[in-house]
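Numbering (this note's numbering), first residue to last: 1 to 201.
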């Protein structure tokens, strides 16, 4: 199921695009998203051109915003040209709102994210039939990643400190009781930078 996917989108749609891209990454998809791959000092057109030549899938996130974006239009047109030339890339429209697809994208089977259902959209994009298969695939990806992760009561699973990047071995659980309210609290803190988060359990 390995897929190397370029995410073509307008920056105004990032709140919808980024969570789905993250879910795809967790499913083992090698995702090319500009905010993840382009670094300060990089030549943006060069990086985009390079990626469009290497990926096997281009996901075109289509919306009112992207329909007016010269970047998005150039990206999907380049992908279609490559598809017509040597059939080495799949183009998958991902519809974010009721903006009509361009005539050249219209006949291509598309995925809807209008309802915001990221799990369903991710399943459709990678060809997983059920929620159970989705979870099994995600579990395999986590296991194969070699990441060290820990579960902390009151927080959940964590692979590292979100503030300083310390590994989970540098994190410790905590708990406290508010006897006056008869409430228990738990969470996790970083021994490196002092980051702390948790809540009532």
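All C-beta atoms in this analysis are idealised placements derived from N, C-alpha and C, irrespective of residue type, glycine included. Remember, predicted model here, so these are calculated numbers, not experimental data.
With 16 as the cutoff for other CB atoms within 10 Å, does residue 187 come out buried or exposed?
buried
Which whole-angstrom value is the C-beta distance of residue 150 and residue 170, which I expect to be below 8 Å?
That pair is no contact at about 10 Å.
What does the alpha-carbon distance come out to for the pair residue 59 and residue 30?
12 Å
Within the stretch 53-116, note down every full alpha helix (DSSP H) run reaching 4 residues or more, in order along the chain.
64-67, 70-86
When you compare each of 54, 12, 28 to residue 35 by their alpha carbons, which one comes out closest?
12
For residue 43, count neighbouring C-beta atoms within 10 Å of its own C-beta (all shown protein chains included) and say buried if the count is 16 or more, exposed if not.
exposed
Where the alpha helix (DSSP H) through residue 143 begins and ends:
131-145
Please identify the residue among 157, 146, 85, 99 whose C-alpha is closest to the C-alpha of residue 53.
85
Do residue 152 and residue 173 have their CB atoms nearer than 8 Å?
yes
In chain order, what residues of the same chain lie with their CB nearer than 7 Å to the CB of residue 168, ignoring the 5 residues before and after it?
148, 149, 150, 158, 159, 160
8 Å contact criterion, which residue 55 and residue 76 should meet: CB distance rounded
With 8 Å as the limit, residue 55 and residue 76 do not qualify as a contact, their Cβ atoms being about 13 Å apart.
Look at the alpha carbon of residue 98 and the alpha carbon of residue 67, and state the distance between them as a whole number of angstroms.
11 Å
Only counting the same chain, and skipping five residues up and downstream in sequence, which positions put a Cβ closer than 6 Å to that of residue 23?
118, 122
Beta-bridge partners of residue 30, as assigned by DSSP:
4
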